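Contents: one structure, followed by commentary.
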Amino acid sequence: MIEKTGVATIEMIKSKFPKKEVLTRPKAIIECYTEIPCNPCSTSCPFDAIYIGKDINQIPRIDFDKCTGCSSCISACPGLAIMVAMIKDGKAYFKIPYELLPLPVRGEKWTALNRYGRVLDKPCFIENVMVTKKNDKTAIVTVSIEQPYLYEFVTVGKKL
Amino acid sequence: MIEKDLVVIGGGPAGLSACKVALDAGMKVAVFERSFLLGGQLVKQTHKFFGSESQYARTRGIDIAKILIDELDNTDLEVFLNATVVGLYKDNVITVYQDNKYFKVKAKAIIIATGASEKFLAFENNDLPGIYGAGAVQTLMNIHGVLPGKEVVMVGSGNIGLIVSYQLIQAGVKVKALIEAAGKIGGYQVHASKLRRLGVDIITNTTVKRAVGDGKIEKIVTVKLDDSWNEIEGSEQEISCDALCISVGLSPMHMLLSMAEANMTYVGELGGLVPIKSCDYETSLAHVYACGDVTGIEEASSAMVEGKIAGLMAAKHAGFIHPDYEALENELNNQLCVLRQGPCGEKIRCGLKKVGEVYD
Amino acid sequence: MIKYVLEESGEDMRIDEHPILTFAKDKKIRFTFNGKEMFGYLGDTIAAALVDNGIMEFSKSVIHERPRGFYCAIGNCGSCNMTVNGVENVKTCLTLLEENMVVENELSEVIIND
Ligand SMILES: Cc1cc2nc3c(=O)[nH]c(=O)nc-3n(C[C@H](O)[C@H](O)[C@H](O)COP(=O)(O)OP(=O)(O)OC[C@H]3O[C@@H](n4cnc5c(N)ncnc54)[C@H](O)[C@@H]3O)c2cc1C
Ligand code: SF4
Ligand code: SF4
Ligand code: FES
Chain P
783 MIEKTGVATI EMIKSKFPKK EVLTRPKAII ECYTEIPCNP CSTSCPFDAI
833 YIGKDINQIP RIDFDKCTGC SSCISACPGL AIMVAMIKDG KAYFKIPYEL
883 LPLPVRGEKW TALNRYGRVL DKPCFIENVM VTKKNDKTAI VTVSIEQPYL
933 YEFVTVGKKL
Chain G
167 MIEKDLVVIG GGPAGLSACK VALDAGMKVA VFERSFLLGG QLVKQTHKFF
217 GSESQYARTR GIDIAKILID ELDNTDLEVF LNATVVGLYK DNVITVYQDN
267 KYFKVKAKAI IIATGASEKF LAFENNDLPG IYGAGAVQTL MNIHGVLPGK
317 EVVMVGSGNI GLIVSYQLIQ AGVKVKALIE AAGKIGGYQV HASKLRRLGV
367 DIITNTTVKR AVGDGKIEKI VTVKLDDSWN EIEGSEQEIS CDALCISVGL
417 SPMHMLLSMA EANMTYVGEL GGLVPIKSCD YETSLAHVYA CGDVTGIEEA
467 SSAMVEGKIA GLMAAKHAGF IHPDYEALEN ELNNQLCVLR QGPCGEKIRC
517 GLKKVGEVYD
Chain E
3 MIKYVLEESG EDMRIDEHPI LTFAKDKKIR FTFNGKEMFG YLGDTIAAAL
53 VDNGIMEFSK SVIHERPRGF YCAIGNCGSC NMTVNGVENV KTCLTLLEEN
103 MVVENELSEV IIND
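Chains as they are written, first to last, in the working numbering: chain P, 783 to 942; chain G, 167 to 526; chain E, 3 to 116.
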């Protein structure tokens, strides 16, 4: 269980995703499962899509109708717990926070990792890398991977 | 002898916040800091902070330190660096050690904001070179850019252990494992998850039995623990490493207060020996206030708020009323309530109750 | 086993690139440790420069003469105490490195190159 391993079960993960039909548009997936005193995700969303409320210990709740997938919340989250996901043409697209070196470069192929840090069978492709002042050194990397890895992919490992 | 309205001991988030409010209230303030730079723990924290916007959440610790220091620019604050306060006396006098010299300072009020020190862990050969406290590892790599080793094992899965492990990876070090004696991870799930996805094994119910090495650490032997923390025979395992980082908690730096015979009490939830204080943050020593981790291990967010309250109260009792006194007092107490709500605040609420502060 | 680079400023333990931080390595500073010439950078504490130079043993415990490393970095534990420019018991973790400093660790045999 997550308290022992730091890894969410597949049911927990799925509970944070909207229905697949909704993912034709990019949506934020917030993997923040326990109550902690924290709320930058909510205050950073320009569309008021994330609700925490007055008691900052509440678990963030997202309104997928309001979320535009703008990705502002990704770099605001100190827990690096948010990514934006989308499905298009049989592929899953993710925007993930990344704070390690070397930074991936657009066009490269990288290993894809699951929540245990294990390498997935299929690689992922770096679609874009965004480094802005506002993101304060947390790069936002856009990757694509085959759709079946939608609930498994979490970050990139090494350049292939 | 130097004379001031207020002396602040410790230039961390609590101390700096106290300085700001007291200066705004019109006091003449001096801060004494043992290190060669201000900021306390913040200067080593490269991660974005938790909390809420009013305490700079999502700003990196290093940048919060800059904000707090910038706020004090162009004020009359007198800053003493490399200045360790070694004595606190009942007549509001302190002794300072700086540049191989001792000198005394007298003040109308004193705020103790000395923070915390790291706890140690008992195991065979725990004094081998290459075994570091988590704070030392952070100082080395995040202030000086020097790595403590190339393959590190972390002991302790509280937020500090989790965060420092992540920082080690950012600095290019391999974190071979994180071991934890308890049956579950101590820190926040999000911190644990971001480490796990980078392939770091978090091994619970396990502790270090001994370190092995000739003149410096070469490997450790771990042992499994059952639910009552007894070693399970035959469960020893070796992990090679060139540095071992110990992060098993902090305890308040109470020495000055203890020396001056302030009323102290041991509260496990707060990390150790803490001063009993009034709701105005005054200790049992008249005109001596305390705030931040020295009054109970918590967070920078609460340390800043506490520092402001201590500054406000120390000023008030010395006859300096802050221009926004009432609004500020309400607002700050509110912020503390918000920070201490919820399950993460339970330990601190429970601890504070034992020293007479109620947050239910 | 890891080999530490002992010559010059052992670049080996220095972080070259960091995703969040930049380290100013503008000015090299020469010092000696037990008579051996070493280099660090402006802004280093003596302890940081020593670790960078591969020095792990900072002192020896008083009774059993067990080697002690740098431990707390905040002036609490005393295991980094050394003699600096002739002054005994200097906390090397809190003292900034200066040009031509003479650093010696008190309890081990001091090797003097004459
Ligand atoms: C790895 C790590 C991660 C953390 N992450 C977070 C986070 O995400 N969010 C958060 O809110 N908090 C976080 N914290 C906690 C936070 O850093 C501390 O709670 C906070 O710094 C406490 O502030 P303070 O001012 O009480 O003490 P400190 O920051 O410890 O400052 C005390 C100062 O007093 C000085 N001092 C001590 N004794 C003397 C003396 N005798 N004379 C002169 N000076 C003296 C010390 O040198 C120090 O500078 C983290 C801590 C660590 C270690
Ligand atoms: S992706 Fe943009 S719109 Fe969606 S929750 Fe995050 S900040 Fe709000
Ligand atoms: S900012 Fe991140 S860690 Fe904080 S509450 Fe939101 S999702 Fe959780
Ligand atoms: S390393 Fe502990 S006092 Fe210097």
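Even for Gly, the Cβ is constructed at its ideal location relative to N, Cα and C.
All figures in this text were calculated on a predicted structure; none of them were measured in a lab.
E:Glu106 and E:Met58 have their C-alpha atoms roughly 14 Å apart. G:Ala191 is the residue among G:Gly324, G:Ala191 and G:Lys443 whose C-alpha sits nearest the C-alpha of G:Pro489. Among the CB atoms of chain P, one or more fall inside 9 Å of the CB of E:Ile22. In this structure P:Pro808 does not touch G:Leu505 by the C-beta definition: roughly 33 Å separates them, more than the 8 Å allowed. For the C-beta of E:Arg16, the chain G residues within less than 7 Å are, from N- to C-terminus, Gly311 and Val312. Straight through space, the alpha carbons of E:Thr97 and E:Asp46 are spaced by roughly 9 Å. A check of alpha carbon separations from P:Ser857 across P:Ala810, P:Lys891, P:Gly872 and P:Arg900 identifies P:Ala810 as the nearest.
Close to chain P, meaning a Cβ-Cβ distance shorter than 9 Å, are the following residues of the stretch 505-519 of chain G: Leu505, Arg506, Gln507, Gly508, Pro509, Cys510 and Gly511. Judged by DSSP in its simplified three-state form, E:Gly71 adopts coil rather than helix or strand. In summary, P:Ser797 is exposed, with fewer than 16 beta-carbon neighbours lying within 10 Å of its beta-carbon over all protein chains present. The alpha-carbon separation between P:Lys940 and P:Tyr880 amounts to approximately 13 Å.
In chain order, Ala377, Ile383, Leu410 and Ile412 place their CB closer than 7 Å to the CB of G:Ile297, counting only its own chain and leaving out the 5 sequence neighbours on each side. Bridge partners of G:Gly324 according to DSSP: none are assigned. For P:Asp845, the secondary structure class from DSSP, reduced to helix, strand or coil, is coil.
Contact annotation: in the stretch 222-239 of chain G, residues whose CB is within less than 9 Å of a CB in chain P are Ala223, Arg224, Thr225, Arg226 and Asp229. From the beta-carbon of G:Pro295, the residues of chain E found nearer than 8 Å are Met58, Glu59, Phe60, Pro69, Arg70, Gly71 and Phe72. Legend: CB atoms of the stretch 799-829 of chain P lying less than 8 Å from CB atoms of chain G belong to residues Glu813, Cys814, Tyr815, Thr816, Glu817, Ile818, Pro819, Cys820, Asn821, Pro822, Thr825 and Ser826. Approximately 16 Å separates the beta-carbon atoms of G:Leu416 and G:Pro441; this is outside 8 Å, ruling out the contact. Proximity of P:Thr787 to chain G, defined by a Cβ-Cβ separation below 9 Å, is satisfied.
Here the alpha carbons of G:Ile463 and G:Leu203 stand approximately 22 Å from one another.
Excluding residues up to 5 positions away in sequence, Leu254, Tyr255, Lys256 and Leu451 lie with their Cβ nearer than 7 Å to the Cβ of G:Ala426 in the same chain. If you check the CB distance, G:Pro314 and G:Met320 do not come in under 9 Å. Cα atoms of G:Thr370 and G:Gly438: separation of roughly 24 Å, rounded to the nearest angstrom. Around the beta carbon of G:His213, 16 or more other beta carbons sit within 10 angstroms, so the residue counts as buried. The Cβ atoms of E:Leu23 and E:Ile17 lie closer than 9 Å to each other. When DSSP states are grouped into helix, strand and coil, E:Asn91 belongs to the strand group. Of the heavy atoms belonging to ligand 2, none sits nearer than 8 Å to the Cβ of P:Ala867. Listed along the chain, the chain G residues whose CB falls inside 7 Å of the CB of E:Leu98 are Phe202. Assignment of G:Gln264 by DSSP, reduced to helix, strand and coil, places it in the strand class. At a cut-off of 8 Å, the beta-carbon of G:Phe215 counts as near ligand 1: some heavy atom of the ligand is closer than that. Beta-bridge partners of G:Gly462 (DSSP): none assigned. For the stretch 340-373 of chain G, residues whose beta-carbon sits nearer than 8 Å to a beta-carbon of chain P comprise Gly349, Lys350, Ile351, Tyr354, Gln355, Val356, His357, Ala358, Ser359, Lys360, Leu361, Arg362, Arg363, Leu364, Gly365, Val366, Ile368 and Thr370. Shown here, E:Met58 sits in coil according to DSSP, grouped into three states, outside any helix or strand.
With respect to G:Ala180, G:Cys445 sits apart: the two C-beta atoms are not nearer than 9 Å. For P:Val936, no beta strand (DSSP E) segment is defined, and its DSSP state is neither H nor E. Not one heavy atom of ligand 3 is found less than 8 Å from the C-beta of G:Val460.
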